[in-house]
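Residues 1 to 433 in full-length UniProt numbering are what the first sequence lists, from first letter to last.
Note that CB positions come from ideal geometry on N, CA and C, so glycine has one too.
This one's a predicted model, so the numbers in the text were calculated from it and none came from an experiment.
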Amino acid sequence: MDEQSRMLQTLAGVNLAGHSVQGGMALPPPHGHEGADGDGRKQDIGDILHQIMTITDQSLDEAQAKKHALNCHRMKPALFSVLCEIKEKTGLSIRGAQEEDPPDPQLMRLDNMLLAEGVSGPEKGGGSAAAAAAAAASGGSSDNSIEHSDYRAKLTQIRQIYHTELEKYEQACNEFTTHVMNLLREQSRTRPISPKEIERMVGIIHRKFSSIQMQLKQSTCEAVMILRSRFLDAMRKRRNFSKQATEILNEYFYSHLSNPYPSEEAKEELAKKCSITVSQVSNWFGNKRIRYKKNIGKFQEEANLYAAKTAVTAAHAVAAAVQNNQTNSPTTPNSGSSGSFNLPNSGDMFMNMQSLNGDSYQGSQVGANVQSQVDSLRHVINQTGGYSDGLGGNSLYSPHNLNANGGWQDATTPSSVTSPTEGPGSVHSDTSN
DNA sequence: GATGATGATTCGCG
DNA sequence: CGCGAATCATCATC
Numbered sequence: 001m002d003e004q005s006r007m008l009q010t011l012a013g014v015n016l017a018g019h020s021v022q023g024g025m026a027l028p029p030p031h032g033h034e035g036a037d038g039d040g041r042k043q044d045i046g047d048i049l050h051q052i053m054t055i056t057d058q059s060l061d062e063a064q065a066k067k068h069a070l071n072c073h074r075m076k077p078a079l080f081s082v083l084c085e086i087k088e089k090t091g092l093s094i095r096g097a098q099e100e101d102p103p104d105p106q107l108m109r110l111d112n113m114l115l116a117e118g119v120s121g122p123e124k125g126g127g128s129a130a131a132a133a134a135a136a137a138s139g140g141s142s143d144n145s146i147e148h149s150d151y152r153a154k155l156t157q158i159r160q161i162y163h164t165e166l167e168k169y170e171q172a173c174n175e176f177t178t179h180v181m182n183l184l185r186e187q188s189r190t191r192p193i194s195p196k197e198i199e200r201m202v203g204i205i206h207r208k209f210s211s212i213q214m215q216l217k218q219s220t221c222e223a224v225m226i227l228r229s230r231f232l233d234a235m236r237k238r239r240n241f242s243k244q245a246t247e248i249l250n251e252y253f254y255s256h257l258s259n260p261y262p263s264e265e266a267k268e269e270l271a272k273k274c275s276i277t278v279s280q281v282s283n284w285f286g287n288k289r290i291r292y293k294k295n296i297g298k299f300q301e302e303a304n305l306y307a308a309k310t311a312v313t314a315a316h317a318v319a320a321a322v323q324n325n326q327t328n329s330p331t332t333p334n335s336g337s338s339g340s341f342n343l344p345n346s347g348d349m350f351m352n353m354q355s356l357n358g359d360s361y362q363g364s365q366v367g368a369n370v371q372s373q374v375d376s377l378r379h380v381i382n383q384t385g386g387y388s389d390g391l392g393g394n395s396l397y398s399p400h401n402l403n404a405n406g407g408w409q410d411a412t413t414p415s416s417v418t419s420p421t422e423g424p425g426s427v428h429s430d431t432s433n
């Protein structure tokens with residue numbers, strides 16, 4: 001017992017020495033008169049100063065020697081474990097309760113967002129979500145791709161910065177953790193520091209660093225959001241369709257003037273051809289119909305232009321079809337009295353014309369549509385012979401496609417000249433079957 | 001900057 | 001829900 005009490009005294013002294021070495025500052029020895037008057041405090045400070053002043057190499061050596069002696073003492077391990085236990089049961093047990101915290105929901109949200117935006121996670125294809133969405137909304141024409149690449153470049157930049165910073169933080173965290181662990185291990189020889197405590201300390205460090213990481217993730221998210229909103233704003237701006245797209249839409253419109261209501265399938269086909277969305281096709285046709293109806297005279301020229309175009313393609317088609325028929329079949333398919341019934345796979349005239357462009361037609365389709373194309377050609381030829389500019393004249397694409405109340409002619413009243421593919425009873429079933 | 005063209009949006013109707 | 005009609009917002013041209 002006597003030996004033990006002596007040892008505790010020594011231990012306290014060595015501990016003090018240890019602190020003074022590491023901290024560079026000696027702690028005052030515990031005095032009993034804390035709440036005393038100023039004289040007592042002055043006395044304390046005087047003692048400390050005296051201690052500091054009297055630290056010599058010799059006293060340090062003495063302390064080291066004491067430390068060594070203590071470390072080698074046979075009772076040291078037992079006492080050390082007792083101290084550890086006491087320490088464990090007091091202060092640290094309070095903190096222990098907060099240790100196994102669940103994953104932070106905010107951090108999870110940030111992680112998910114970064115993953116969705118393609119900042120974290122796999123490199124390829126990431127971050128194009130907004131670009132793709134905007135592309136779908138705005139048609140994804142060629143000029144958009146410039147902005148897409150710009151968006152992607154900026155996103156890549158953010159991604160790079162994020163990863164660099166993250167790496168830096170991780171490195172710093174590891175370095176600091178290693179440093180602290182080494183320090184604690186070193187101190188554990190003189191202080192009651194259990195491995196569990198070191199583990200806790202590491203946990204605390206990691207939490208600190210993860211909060212820094214969260215800030216990084218937060219600002220990265222913000223940057224991505226800003227970039228994205230700017231990109232979407234730029235995309236939202238109205239821009240005219242490409243010339244080619246307008247051409248395609250106009251050709252369809254004027255070749256179906258008697259019933260310019262493309263079916264869902266036709267809309268999809270047109271959307272694909274024009275690199276725009278189906279709703280844009282719908283918008284275009286809606287606008288076109290209303291504007292055409294409002295001012296037919298203005299659109300006459302345009303109508304004739306496309307009629308001529310159709311004529312040329314129809315001529316090619318008919319020539320090919322006739323040739324095809326001569327070689328394949330003595331009878332003309334679809335040579336019914338009206339010549340305008342929709343065929344199951346006829347699609348619409350325009351679509352077939354498109355496929356015929358460049359002399360790459362499909363014989364069977366041409367054969368099926370030959371009658372309509374012949375009709376179309378005949379009308380166009382008649383038209384080009386003598387077109388009068390007058391409103392309501394005898395022109396090919398004259399207002400008589402419209403009925404009395406301003407709407408497009410009823411499906412039950414067949415068109416006199418236009419769109420031979422449309423037959424009686426056909427309700428804008430261009431490609432429907 | 002004025003003006004017309006054009007794509008998109010909104011609202012009411014059937 | 002698709003359409004017509006009115007309207008808005010932006011583009012393109014002069």
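Return the CA-CA distance between residue i and residue j, expressed in angstroms with no decimal places.
i: TYR162; j: SER120; result: 8 Å
i: LYS298; j: TYR151; result: 41 Å
i: GLN58; j: ARG200; result: 37 Å
i: ALA314; j: LYS288; result: 24 Å
i: LEU60; j: GLY46; result: 20 Å
i: LEU183; j: ALA78; result: 23 Å
i: SER340; j: LEU270; result: The predicted position of SER340 is uncertain, since its pLDDT is 33 and thus under 50; a value taken from the coordinates is nonetheless stated next. Near 22 Å, if we compare the C-alpha coordinates of LEU270 and SER340.
i: ARG74; j: PHE209; result: 41 Å
i: ASN174; j: ALA245; result: 58 Å
i: ALA65; j: GLY203; result: 35 Å
i: GLY118; j: SER263; result: 38 Å
i: ILE55; j: GLN43; result: 18 Å
i: PRO105; j: HIS179; result: 30 Å
i: GLN51; j: GLU186; result: 25 Å
i: LYS273; j: ARG207; result: 55 Å
i: GLN280; j: GLY286; result: 10 Å
i: ALA172; j: TRP284; result: 58 Å
Using only alpha-carbon positions, find the residue among the options that is nearest to residue i.
i: LEU166; options: ASP111, GLU302 and LYS87; result: ASP111
i: THR156; options: ARG109, ARG228 and LYS168; result: ARG228
i: ARG191; options: TYR306, ILE55, PHE80 and GLN160; result: PHE80
i: LEU249; options: GLN300, SER282 and ASP57; result: SER282
i: LEU89; options: SER194, GLN171 and ILE276; result: It should be noted that the sequence gives Lys, not Leu, for residue 89. When each option's Cα is compared against that of LYS89, the closest is SER194.
i: MET113; options: VAL82, GLU247, VAL224 and ARG189; result: VAL224
i: LEU83; options: ASN259, PRO105 and SER188; result: SER188
i: SER255; options: ASP104, VAL312, LYS87 and ASN295; result: VAL312
i: GLU85; options: LEU49, LYS196 and ALA308; result: LYS196
According to DSSP, is residue i helix, strand or coil?
i: THR56; result: coil
i: THR331; result: In this prediction, THR331 has a pLDDT of 39, which is less than 50 and means its spatial position is unreliable; nothing more can be read from the coordinates.
i: ASN112; result: helix
i: LYS217; result: helix
i: GLU247; result: helix
i: GLU117; result: coil
i: ASP44; result: helix
i: LEU70; result: helix
i: HIS256; result: coil
i: ASP104; result: coil
i: SER279; result: helix
i: TYR261; result: coil
i: PRO77; result: helix
i: ARG289; result: helix
i: SER211; result: helix
i: ARG228; result: helix
i: LYS298; result: helix
i: LYS267; result: helix
Could you round the C-beta distance between residue i and residue j to whole angstroms and report it? I think they count as a contact, below 8 Å.
i: ILE205; j: THR177; result: 5 Å
i: LEU216; j: TYR261; result: At roughly 55 Å, the Cβ-Cβ gap does not stay under 8 Å, so LEU216 and TYR261 are not in contact.
i: GLU268; j: VAL278; result: 6 Å
i: GLU247; j: THR310; result: That pair is no contact at about 12 Å.
i: SER241; j: ILE276; result: Going by the sequence as given, residue 241 is Phe instead of Ser. So it is a contact: roughly 6 Å between Cβ atoms.
i: MET214; j: LEU107; result: 5 Å
At a cut-off of 7 Å, would you count residue i as near the ligand SAM, judging by its Cβ distance to the nearest heavy atom?
i: GLU264; result: Ligands in the displayed structure: none, and consequently the ligand SAM is not present.
Uninterrupted alpha helix (DSSP H) stretches inside the stretch 138-209 (no shorter than 4 residues):
Those alpha helix (DSSP H) runs which fall completely within the stretch 138-209 and span 4+ residues are 142-187.
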